[in-house]
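Trainee: Here the sequence shown is numbered in the numbering used here, starting from 44 and rising by one per residue. A single structure is presented below for examination.
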Amino acid sequence: MKGEKEEEKVNENGKENGAKAREKLKTKEYEKELAKLHVELVKLQEWVKLKGLKVCIVLEGRDGAGKGGVIKAITERVSPRVFRVVALPAPTERE
44 MKGEKEEEKV NENGKENGAK AREKLKTKEY EKELAKLHVE LVKLQEWVKL
94 KGLKVCIVLE GRDGAGKGGV IKAITERVSP RVFRVVALPA PTERE
């Protein structure tokens, strides 16, 4: 309703969290949804290839944030002939 403030979510560092957490999916529901998304990802890959386009996905986050799991989920269904994964070193103090 107008005028009502939503309860603000604050993390342990005192910063606002931008996204709201959703209820955890059951394993079977998760796997079913993941399979649907894999199909969409393969279709998207074919479309990008057909159009002669390029896509760059950059993942940044702290250790243990789930970057490796996301990379695995993306790469396990797409053709390895048309993508590559590049790990960049940690930035220097100057960077």
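Even for Gly, the Cβ is constructed at its ideal location relative to N, Cα and C.
Among the residues of its own chain, which have a CB less than 7 Å from the CB of Ala-64, if the five just before and after it don't count?
Mentor: none
Trainee: Anyone know if the C-beta pair for Val-91 and Leu-102 falls short of 8 Å?
Mentor: no
Trainee: Report the CB separation of Val-82 from Val-121 in whole angstroms; it is logged as a contact under 8 Å.
Mentor: Not confirmed; about 11 Å, so no contact.
Trainee: Name the residue from Ala-108, Leu-68, Thr-118, Lys-69 whose alpha carbon lies nearest to the alpha carbon of Val-128.
Mentor: Thr-118
Trainee: Thinking just about the alpha-carbon of each residue, which of Pro-123, Pro-134, Thr-135, Ala-116 is nearest to the one in Tyr-73?
Mentor: Ala-116
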